[in-house]
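Below is one structure; the comments refer to it alone.
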Amino acid sequence: MSDIQLYLFEADKDEPEALRIAAQTADRLQRKELRLVALIESIGEYLNSDETPIRTKSIRYLGDVLSATPPKVLTTQQRGLLLDFILSRVADDNETIGPSARALLALERLSRWDKDAVGRVMTTFLDNTNPLKQFKQQSERFSILQLIDLLLSKYRDFIRALHESSNDFLPAFISYFDGEKDPRNLMIIFSILQVPMIEWDVSSNAQDLFDAVFNYFPITFKPPPDDPYGITAQQLKDRLRECVAATSDFAPYAFPALLDKLDSSSINTKRDVLHAIISCIEGYEARTISMYSVTLWDALKFEILNLQEEDLAEQALEVLSAIARQLATNTSGSLNAYLKPIIKESNEHIEDAPTKQSQAAGRILKSISKSSPQVCDLIIKGILPNLFMLFQASESIAKRRGLIEVLNEIVESSIYDVSQSRENTTNGNHESALSAGALRAFSGEALDALWRAVVNGPRSEVSFRLLAIKGLEQLARVPHLLSDQEVVRIVDALVDIILQEEENQADIRVAATKAIVDIARHYPEIIANHAFPSLMVRLPDVPEEGSTSYEVVLEAFAQLSAENKIFDTVVVRLKNKINAAVHLEAPHAYVLALLKALVYAFSNGTPSVEDEAIRLSYYDDLVQPLLTRALEVKNCALHTEMGLDAIGRLCNIIVQAQGFHRQSQIYATVQRMMKDVQDSLRVSDSKTSASDVDTSATIPLLYFIAAFRRELVPVADAHNLLAADCNGALHQQLASAAQLAVLRRVSLVVNKFLPPASLQAVLESLEVLPPSLLSISSLSLSSIRLGFALTKGLLLRNHHATLAQYLPAFIQLLSEPEHGQTVARGFATLLAPDDLLSKENYCVIAGLHKQKAFNMVVPAITTAVRTCEVNVKPNYLIALSGIIRWLPYSIIEPELVSLIPLLLQCLDLADFAYQDIKAATITVLTAVLMHNPDKIDEHASSLINRLLNCTAVRLNTPKVRAAALQCLGLIPKQLKQETVIPFRRQATKRLAAALDDRKRDVRVEAVKCRSAWMSLDEVEDEDAE
Amino acid sequence: MDNKDNVNPTIINPSDLPSRRRSAPTTKRVGLFDSLAPAYPSLAEPLSSPEASEASLSDDEEAEEIDEQEVYDLISTISDPEHPLSLGSLGVVKLEDIAILPPTSARSRISTVTVLVTPTTSACSLTTVIGLGVKVRLVNALPPRFRIDVRIKPGTSSTAGEVNKQLGDKERVAAAMENKSLVNVVNQMLATCESTVMSHACPICTLVTQLTWSNDVSSCAAQLIRSVDGSEFLPDSY
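Residue numbers (numbering that gives the first Met the number 0), protein chains in the order written: chain A, 0 to 1024; chain B, 0 to 237.
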């Protein structure tokens, strides 16, 4: 059999085999065993068949052979012959059009076509296959589109020449694609049509060309679930939008058509329209846009003035701003023509202020002003005279508030605009000077109006004064606008507010403080010279007994540390204040408040940096003297536990950030302190009471140990420290702050400073491994605490060998009637966050330590709880709750099936001591309801009943009651309707009691929860309808 | 209907609305320096002490009576059927127009809540619907021991008499709530009461984000301050 016969035989059944046959033919062509003429002749007889499938397959064969033929096998003459041959098929036989197009693609790959060939291919298709939609098969059209797409991408000039040589070409070309519906083909058509749109002169056919694409607007296509081509509606929308915005010639058709569609009732259509308009504005020439700018304003303003959907309003604002941006590049006449009606209408709305429209006008003016400094100037000149006239003419606070609102929007846009132009222009601020210039004419008036509103406004008019404060802050932030005297005036007014405002106007004071902090960024000297003295006057060396009026001043003062240029002044003044207060024996609360302010400054402010770390001189000059004084002078506020704690934190913040070298210098200076602390902790006479041993240094030492790098502390030192700490924790009656410091240090040392290999040996030598530490005979609160402190440090670093001893021992102890509950409560401390055990403090924090805790504890507990005695069962539930309350949901999720029954049992813990367990459990159950409601479905009845029980006043704390109500309120939404509806009556009835809860916060939750349950009924009714 | 001033009603700024925080600053001020400090269990806490929690419970249980502000908070968030604004910000319900009357006799438990509604215009056609919405909200949200009396503020509506009759009549209110389209309007109005506050964030996930917060150097420092007064790490005696 000849190749063609074999191919025809296999074509439908076995495609790879058919392709192999075609490749074999190509091979014979290449080896000259087969001549091209013979090949064509062999196909010839089938091409005349009456049966379409045979003709189709014959052409396909030819195409496949050509695809498999390497370039240069066929001569120029032969290729010309083939082109003639295939084009004649195109002209004669529409039914084989798909394979013909593919054969042409294959032929083109063999060698580049000349101008004549391209012209012939293009015109043959346009003349003989127009319109494309006559071909019913999507794949046929796809092949043709691929061919045309190829022509337009590789032979763009030749096709363009066709267009330029004949007026008839483009109309035929446009109408050719008419009526295509397939998304994959449309993607190609949009891209093909973009070529003439962007590159050719299409003015005489603009409307047809526009309609050819706009007919598809808006795209409502939803891809079928098994779409093999994966074309999304968004891709179609994007490409269509590019077409619409391709040439200014479309403007006369595009804008009316788009604005017409803006009246659509569909929000999505409106979104697409606005998006398309933005593209048009960005794509068309400014000259064109200016012809439509007022029309667009008239249509788009409604989206903002009569706000329906916030995102539509934002898009409309974006359009208005884009128009201004474009026109600013054009003649000033066109910009003025656009802005004039906007300014006129805004002025009208401003006259009615305060209304929704006046607010909207402010928004419009702001977004348009932002487009360029020039626009901003015009807006300022057009609006502000009228605005201030209205302001002066009215006594109404409401009206003035509305006007300030608009003023703020405009001033804000000039701040934005200046910072932008500053980035753009490297030297000289031409533009910003210009912008401030237009505002400068009004700055005095604006400052007066706002200042009076802040200073003289009635105290009860909160929003009015808030707006005025914001206005003052913004004025001060416009560069080159205000003189220093004017800024001083603002700062004085704001400081007065901070000092004088009564407590119930906290909003105002917060706003004033924020404003001052912001102004400090721009005018640090003015703040330092004017705000500081006024504030410091209110910070006495010794406040009157019982007075707390210094608190607000101190808070404002501490916040000023946010600006680096005045940070040093802030902390030095605080330090001096502390020294004076300590010296004059001011009340402890005052000294502690000053210390807290210092800690706030270092943790939230912007201290100076040196070699990429906080400047060490803060430690040498400021913190270290404080520490020395705190440790040396007993009976002073610094020597209290809270004082030492605050100073410790300061040390931690600064030391932590230092490099190894500087840390080792500091380490040397604290050796003495370490030794003293260890000596005091080694005294193991249990009769020694807390007061006999000076443990004050133990708190600051904790913070140093936390701050040191892992490699800094030698193992021997760490071992000694751990030994002393363990001894102190076990055998001394420490005050609880010191005890906590010791325990936290234990966690830090086992986590950071002991190498993993030696941990087992060290702990054994100290006799703190479970067999000795946790043996029932010697078990005590102290030993349990120490055990958990050790475990906590080990758990963070995932030290399996020791964890495998501690954790099972603890679980074992849960069955102990005497100590079981103490141990159970300890589990909650294992994963509880501790701000010292952190990466910043160089702790080893294994990524999977929470997973590990879960795996080592939870399965063991779920097993043990099944067989345990009833009286110790709560211990297991408490321990379980203590672990899982700190776990990410993803860790709990796989075990939900076994956990949910236990969680529900936790809710049955009736004793008052278990309230925190209940609250934590409800949190976990709430999370399950959010993520895996299906897992709860089968437990619905028991969950609902238990949660309802948790809302009872006498048996539950307010926290539990509120949490239970929150959780319960999720049930109607999260569980299946048929599951919950049976409980509706019972739930709403019992929830009525919760509406009368003694606590307000609980009642708020009860109202929400009950509405959720009541709304169930309506859903039911709607279904019935 | 004269639409003019109804289209542009005066809007009260949220910060000017009455709120509990501003009217009753008696509770202890939360200072800047003791900003939110999650109370994590620590080892120094006594690991078990039922007595302690019982003691704190009685403190917690000091009763907070339902007052006018609370009633206001319940109804001020209802949306106006015409404007996408709340009744509070439109001044339709005002704190001073809410009164709670104690039981009339010692034996009765029934208190009365009176709410006077001020329509945005005297000719507002939706006055009845607004009144109905307020009534439905309070009936559902207040305990049954309250009798709810919603009326139109005298002199603010041309149809006050008719509307008051309608709202005061149990049968008529019940009949109105049988009307599907009316129920839908009322539900729409009440929808904004809870949606703003109902949290849809998973509590565990939120917790986790709070915790990972500390991975950042600067915010770690910020966390340090939270417990600078040591309250959550130290026992009460301290």
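Note that beta-carbon positions come from the ideal geometry of N, C-alpha and C, so glycine has one too.
- The residue among A:847, A:835, A:827, A:454 with its C-alpha nearest the C-alpha of residue 881 of chain A is A:827.
- Boundaries of the alpha helix (DSSP H) harbouring residue 138 of chain B: 126-140, taken from the DSSP string.
- Contact between the stretch 402-412 of chain A and the stretch 463-470 of chain A is present, with at least three C-beta pairs closer than 8 Å.
- The C-beta distance from residue 189 of chain A to residue 253 of chain A rounds to 15 Å, too long to fall under 8 Å, and the pair is not in contact.
- An exposed status is given to residue 847 of chain A, since fewer than 16 other beta-carbon atoms sit within 10 Å of its beta-carbon.
- Contact between the stretch 109-121 of chain A and the stretch 144-156 of chain A is present, with at least three C-beta pairs closer than 8 Å.
- Within the same chain, Cβ atoms closer than 6 Å to the Cβ of residue 820 of chain A are found at 874, the five residues on either side in sequence being excluded.
- Between the beta-carbon of residue 590 of chain A and that of residue 637 of chain A there is about 7 Å, and that keeps the pair under the 8 Å contact cut.
- Straight-line spacing of the CA atoms in residue 338 of chain A and residue 378 of chain A works out to 8 Å.
- Of the residues assessed, residue 667 of chain A falls on the exposed side of the cut-off, its CB having fewer than 16 other CB atoms within 10 angstroms.
- Under a criterion of Cβ atoms nearer than 8 Å, no residue of chain B is adjacent to residue 513 of chain A; the nearest Cβ is some 12 Å distant.
- In the three-state reduction of the DSSP assignment, residue 481 of chain A falls in the coil class.
- Here residue 176 of chain A carries a coil assignment [DSSP, helix/strand/coil].
- Put simply, the CB of residue 178 of chain B is far from chain A, with every gap to its CB atoms at 7 Å or more.
- With a cutoff of 7 Å on beta-carbon distance, residue 998 of chain A and residue 63 of chain B are scored as near each other.
- For residue 141 of chain B, the chain A residues whose Cβ falls inside 7 Å of its Cβ are 994, in order along the chain.
- Residue 191 of chain A is not a Cβ neighbour of residue 237 of chain A, given a cutoff of 7 Å.
- The criterion of a C-beta distance shorter than 7 Å is satisfied by residue 569 of chain A and residue 559 of chain A.
- Secondary structure remark: continuous alpha helix (DSSP H) runs of at least 4 residues inside the stretch 701-737 of chain A, in chain order: 714-730.
- Distance check between residue 62 of chain A and each of A:206, A:536, A:21, A:352 places A:21 closest, using alpha-carbon atoms only.
- Put simply, of A:514, A:825, A:505 the residue whose alpha carbon is nearest the alpha carbon of residue 14 of chain B is A:505.
- A distance below 7 Å between beta-carbons, with the five flanking residues on each side excluded, links residue 800 of chain A to the following residues of its chain, in chain order: 759.
- Within chain A, the residues whose beta carbon sits less than 8 Å from that of residue 14 of chain B are 461, 462, 465, 506, listed in sequence order.
- When DSSP states are grouped into helix, strand and coil, residue 878 of chain A belongs to the helix group.
- Contact between the stretch 833-843 of chain A and the stretch 747-764 of chain A is present, with at least three C-beta pairs closer than 8 Å.
- Rounded to the nearest angstrom, the gap between the Cα atoms of residue 605 of chain A and residue 566 of chain A is 7 Å.
- Interface annotation, residue 991 of chain A: in contact with chain B, CB-CB separation under 7 Å.
- The stretch 257-338 of chain A contains, as complete alpha helix (DSSP H) runs of 4+ residues, the segments 266-282, 285-304, 309-326 (chain order).
- In this structure, residue 283 of chain A and residue 250 of chain A form a Cβ contact; the two beta carbons are roughly 6 Å apart against a cut-off of 8 Å.
- Beta-carbon to beta-carbon, residue 580 of chain A and residue 593 of chain A are separated by about 6 Å, close enough to satisfy the 8 Å threshold.
- The beta-carbon separation of residue 813 of chain A and residue 822 of chain A, rounded to 6 Å, stays under the 8 Å limit for a contact.
- DSSP places residue 148 of chain B inside the beta strand (DSSP E), whose first and last residues are 145-151.
- Inter-segment contact for the stretch 619-631 of chain A and the stretch 714-721 of chain A is absent: fewer than three beta-carbon pairs are separated by less than 8 Å.
- In the structure shown, residue 844 of chain A falls within a coil segment according to DSSP collapsed to helix, strand and coil.
- In the pairwise beta carbon analysis, the stretch 891-909 of chain A is classified as touching the stretch 853-861 of chain A: at least three pairs are separated by under 8 Å.
- Annotation: residue 818 of chain A to residue 884 of chain A spans about 22 Å, alpha carbon to alpha carbon.
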